[in-house]
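Engineer: Before we start, here is the structure in question, set down as structure tokens.
Number of protein chains: 2
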Amino acid sequence: MKTISENACFGGVQGVYSHRSDSCDCDMTFGLFLPAEAKDGPVPVLWYLSGLTCTHENAMVKAAAQGWAAEQGIALIFPDTSPRGEGVADDDAYDLGQGAGFYVNATQKPWAPHFQMYDYVTKDLTDLVLKEFPIDGARQAITGHSMGGHGALTMAMKEAGRFTSVSAFAPICNPTGSDWGKKQLTAYLGSDEAAWASHDASLLMAERGFDGPVLIDVGTKDQFLDLLKPETLASAAAQRRQELTFRMQPGYDHSYFFVSTFIEDHITFHAEALYA
Amino acid sequence: MKTISENACFGGVQGVYSHRSDSCDCDMTFGLFLPAEAKDGPVPVLWYLSGLTCTHENAMVKAAAQGWAAEQGIALIFPDTSPRGEGVADDDAYDLGQGAGFYVNATQKPWAPHFQMYDYVTKDLTDLVLKEFPIDGARQAITGHSMGGHGALTMAMKEAGRFTSVSAFAPICNPTGSDWGKKQLTAYLGSDEAAWASHDASLLMAERGFDGPVLIDVGTKDQFLDLLKPETLASAAAQRRQELTFRMQPGYDHSYFFVSTFIEDHITFHAEALYA
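As you go down the protein sequences, you meet chains L and X in turn.
Residues 1 to 276 in the working numbering are what the first sequence lists, from first letter to last.
Residues 1001 to 1276 in the working numbering are what the second sequence lists, from first letter to last.
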């Protein structure tokens, strides 16, 4: 692991590190905020998965999360959204390839050799941060924005028992039924739709749900509402009687101005679960 | 005036607008955050002047200021740091020309036709925002970062009576004695150092001071401490018996991670003066 930068931030440290990922077979970069409490021993952690076109940097710089994490004594991890580098496949579209890993393990050419983002987050990066930093693996929570909201919700439901709580900002809720999903799931997983179901938050909600609290925020003026399909997830959660807070926030759009407005609520929500 | 974007943000609106500046003789872009209270009538305003290489966007996206401004019912204005555009002079160096206006009115070629940033902020943009938005001109405060801290301090002292309070993050405190200053003041104002004095916060502090509270934060690990010369300003303020809080913050550097950590303190500080 290589340290790229470390900046003092709210009494803790905002670091950026790179490391070799076996799953993605390339070097990966991530951001990690450690609160002051980490000097004294392991702290709980909140994963933040970013959206299309983002890197490890966007949320770290624009979500205004560190102050609230510092107040709660919680670490934040900001993974990248895809493998990157010269040998890594890419596409001209903003929503496929580099910057658009969709948090799945690709099985199709040309993506399969590097696009293993599900395993990268849940295995490689998890193992690394638990080994290298004072983070309490028994107290993990997860959130994300847009494509990262999809990642957070699907990982939380698939990795049962790992996360105390899950939240999302404007998540892609039903990729098997959306142009933000069909194209990418076809490219990464192939045209057999049976392989897609385990990466669709609404289908997972209907099938298994989440054993803990769920918080979802979506802006009523989100320019991508038709692609996100929050109604599908809300419906599935209600039918399941899932513990859930689902909020449509009047006037807000898809931007980080929306995320930063509600990040305090999300971190407080996760803190309650992490410290329960 | 043209609206470039408006995003809901902490119950208010984060807008970006462009307009024609007579002083700079070109189109200029600025950011403006209006809190929810602006719907009901004029609100106090805090100016935020940015540093070298920044645009109107950096602080608006990275300083995490809007949440605290919303809590206090205060508007935020984020001006650009220089004139821009095809007909506008520039330099290959990051610290001269576009992105580096130093908040002075240039008198020298090739800068004089457009680089009139002192008048742009204190006249053109002030007139525009007071005319176009519900902002209370009688309740203005000013802050800034690095080159923008220099701008905030010098404007606050020169425009006596206009600002209730002034603060700065890692300001350039003594440009007449620093490589962050001598080069630019020579280029913009000429080699006669007499013309520089009225743009040096330490000299202005010694000569006239500020009629109100002053708050300065500087990181002890700021990589530009030798260029900022905070000791010169601290000394001048102490000799003058200026009302002042001057803090060296252990471990912090020059980045926006430093700014965002202490922005709450600065906005609270200004709110006390604006609502006094």
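Glycine included, every Cβ here is placed at the ideal spot set by N, Cα and C.
Residues of the stretch 71–99 of chain L with a CB closer than 9 Å to any CB of chain X: list them in chain order, please.
Structural biologist: Those residues of the stretch 71–99 of chain L that come within reach of chain X (Cβ to Cβ, closer than 9 Å) do not exist; the list is empty.
Engineer: Assuming Ile1302/X contacts Ala1273/X under a Cβ cut-off of 8 Å, what Cβ separation, rounded to an integer in Å, is found between them?
Structural biologist: The shown model of chain X, from 1001 to 1276, leaves out residue 1302/X, and the question about it has no answer.
Engineer: Can you have a look at Ser1005/X and say buried or exposed, based on whether 16 or more other CB atoms are within 10 angstroms of its CB?
Structural biologist: Numbered from 1 along the second sequence, position 5 holds the residue referred to as residue 1005/X. It counts as exposed.
Engineer: Considering only residues of the same chain and omitting the five flanking positions on each side of Ser165/L, which have a CB-CB separation below 6 Å?
Structural biologist: The count along the first sequence starts at 1 and reaches residue 165/L at position 165. Closer than 6 Å at the Cβ level, and outside the excluded window around Ser165/L, lie Ala141, Gly212, Pro213, His270 and Ala273.
Engineer: Got a sec, what are the start and stop residues for the alpha helix (DSSP H) Asn58/L sits in?
Structural biologist: The residue you call residue 58/L lines up with position 58 of the first sequence. Its alpha helix (DSSP H) spans residues Glu57 to Lys62.
Engineer: Of the residues that make up the stretch 16–37 of chain L, which ones have a beta carbon closer than 7 Å to any beta carbon in chain X?
Structural biologist: For the stretch 16–37 of chain L, which is checked against every Cβ of chain X, not one residue is closer than 7 Å.
Engineer: Are the C-beta atoms of Asp192/L and some chain X residue less than 8 Å apart?
Structural biologist: Your numbering for residue 192/L matches position 192 in the first sequence. Output row for Asp192/L: interface = no.
Engineer: Given that Gly1209/X touches chain L, what residues does it touch there, using C-beta distances under 7 Å?
Structural biologist: To locate residue 1209/X, count along the second sequence from 1; it is residue 209. By Cβ distance, chain L contributes nothing, its closest Cβ being about 31 Å from Gly1209/X, past 7 Å.
Engineer: With DSSP as the reference, please indicate the residues paired to Ser18/L in a beta bridge.
Structural biologist: Here residue 18/L refers to the residue found at position 18 of the first sequence. According to DSSP, which records beta bridges pairwise, Ser18/L is partnered with Lys2/L and Thr29/L.
Engineer: Look at the alpha carbon of Ser1146/X and the alpha carbon of Asp40/L, and state the distance between them as a whole number of angstroms.
Structural biologist: Here residue 1146/X refers to the residue found at position 146 of the second sequence. Here residue 40/L refers to the residue found at position 40 of the first sequence. Ser1146/X and Asp40/L: Cα-Cα distance of roughly 34 Å.
Engineer: Out of curiosity, what's the CA-to-CA distance linking Phe1210/X and Phe115/L?
Structural biologist: Translated into positions along the second sequence, residue 1210/X becomes position 210. Translated into positions along the first sequence, residue 115/L becomes position 115. Cα-Cα distance, rounded: 58 Å.
Engineer: Give me, in chain order, the residues of the same chain whose beta-carbon lies closer than 7 Å to that of Ala236/L; leave out the 5 immediate sequence neighbours on both sides.
Structural biologist: Taking the first residue of the first sequence as position 1, residue 236/L is located at position 236. Contacts found: Ser202, Met205 and Ala206.
Engineer: If Pro134/L and Pro35/L are in contact, beta carbons under 8 Å, what's the gap, nearest whole angstrom?
Structural biologist: Working through the first sequence from its first residue, we reach residue 134/L at position 134. Working through the first sequence from its first residue, we reach residue 35/L at position 35. 10 Å between Cβ atoms; not a contact.
Engineer: Is any beta-carbon of chain X found at less than 8 Å from that of Val121/L?
Structural biologist: The count along the first sequence starts at 1 and reaches residue 121/L at position 121. Answer no: the Cβ-Cβ gap between Val121/L and chain X never drops below 8 Å.
Engineer: From Asp22/L to Asp1092/X, what distance separates their C-alpha atoms?
Structural biologist: Position 22 of the first sequence holds residue 22/L. Position 92 of the second sequence holds residue 1092/X. Rounded to whole angstroms, Asp22/L to Asp1092/X spans 42 Å at the Cα level.
Engineer: Comparing C-alpha positions only, which one of Pro175/L, Pro79/L, Thr126/L and Thr3/L sits nearest to Thr232/L?
Structural biologist: Taking the first residue of the first sequence as 1, we reach residue 232/L at position 232. Considering only alpha carbons, the answer is Pro175/L.
Engineer: How far does the alpha helix (DSSP H) with Ile1263/X in it reach, from first residue to last?
Structural biologist: To locate residue 1263/X, count along the second sequence from 1; it is residue 263. Taken as a continuous stretch (DSSP letters only), the alpha helix (DSSP H) holding Ile1263/X covers Tyr1256 to Leu1274.
Engineer: Could you tell me which residues DSSP puts in a beta bridge with Ser1167/X?
Structural biologist: Counting from one through the second sequence, the residue named residue 1167/X turns up at place 167. Answer by DSSP bridge pairing, in chain order: Leu1215/X.
Engineer: Any idea if Thr1003/X is buried or exposed, counting beta-carbon neighbours within 10 angstroms, 16 or more meaning buried?
Structural biologist: By one-based count along the second sequence, residue 1003/X stands at place 3. Classification of Thr1003/X: exposed, given that the 10 Å Cβ count is below 16.
Engineer: Answer yes or no: do Tyr1094/X and Val1104/X have a C-beta to C-beta separation smaller than 8 Å?
Structural biologist: By one-based count along the second sequence, residue 1094/X stands at place 94. By one-based count along the second sequence, residue 1104/X stands at place 104. The answer is no: Cβ separation not under 8 Å.
Engineer: In or out: Ala100/L buried (at least 16 other Cβ within 10 Å) or exposed?
Structural biologist: As a first step, residue 100/L is located in the first sequence; it is residue number 100 there, counting from the start. By the neighbour-count rule (16 or more Cβ atoms within 10 Å), Ala100/L is buried.
Engineer: For Lys229/L versus Ser178/L, is the C-beta spacing smaller than 8 Å?
Structural biologist: Counting from one through the first sequence, the residue named residue 229/L turns up at place 229. Counting from one through the first sequence, the residue named residue 178/L turns up at place 178. Yes, Cβ-Cβ distance for Lys229/L and Ser178/L is below 8 Å.
Engineer: Considering only their Cβ atoms, is the gap separating Gln1014/X from Met1060/X smaller than 8 Å?
Structural biologist: Here residue 1060/X is taken as the residue at index 60 of the second sequence, counted from 1. Here residue 1014/X is taken as the residue at index 14 of the second sequence, counted from 1. For Met1060/X and Gln1014/X, yes; Cβs fall inside 8 Å.
Engineer: Within its chain, find whatever has a CB closer than 6 Å to the CB of Cys281/L; leave out the 5 residues flanking it on each side and keep chain order.
Structural biologist: Absent from the model: residue 281/L. The displayed extent of chain L is 1 to 276, so no value can be given.
Engineer: Grab the span of the beta strand (DSSP E) containing Gln249/L for me, first residue to last.
Structural biologist: Counting from 1 along the first sequence, the entry for residue 249/L is found at position 249. Counting along the chain, the beta strand (DSSP E) containing Gln249/L begins and ends at Leu244 to Gln249.
Engineer: Would you tell me roughly how many angstroms separate the C-alpha atoms of Ala112/L and Ala70/L, rounded to the nearest one?
Structural biologist: Working through the first sequence from its first residue, we reach residue 112/L at position 112. Working through the first sequence from its first residue, we reach residue 70/L at position 70. The alpha-carbon atoms of Ala112/L and Ala70/L are separated by roughly 38 Å.
Engineer: What do you get for Arg1084/X, buried or exposed, if any count of 16 or more other CB atoms within 10 angstroms of its CB means buried?
Structural biologist: Translated into positions along the second sequence, residue 1084/X becomes position 84. By the 10 Å Cβ count, Arg1084/X comes out buried.
Engineer: Helix, strand or coil, according to DSSP, for Ala1093/X in the structure here?
Structural biologist: Residue mapping note: residue 1093/X aligns to position 93 of the second sequence, counting from 1. Reduced to three states, the DSSP call for Ala1093/X is coil.
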